[in-house]
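A short worksheet on the structure shown next.
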Amino acid sequence: MLPPAGLLPPLVAGPAPVAEAASFVVARVGAAAMLLFGVDVARGGEHLEVTPDVERVVGR
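When we follow the numbering used here, the leftmost residue of the sequence shown carries the number 1249, and every step to the right adds one.
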């Protein structure tokens, strides 16, 4: 999970603006969430509850 090339120099070279640092953190959290989701799906998805027919469940 590498940062985009545009974000790396300010984060490594010195104090990055708050918006760039926040963008970096949000991107890392999103990437970690997608990675964990993918691992769970690959292991059988035992932590996921899938509702196959949303219309029927919502319109009870």
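Beta carbons are placed, not taken as given, at the ideal position from N, Cα and C, and that holds for glycine.
Computed from a prediction, not measured in an experiment: that's the story for all the values here.
In this structure, DSSP gives L1296 a state outside helix and strand, which the three-state scheme calls coil. In the three-state DSSP reduction, R1276 falls in the helix class (H, G or I). Cα atoms of A1280 and V1274: separation of roughly 10 Å, rounded to the nearest angstrom.
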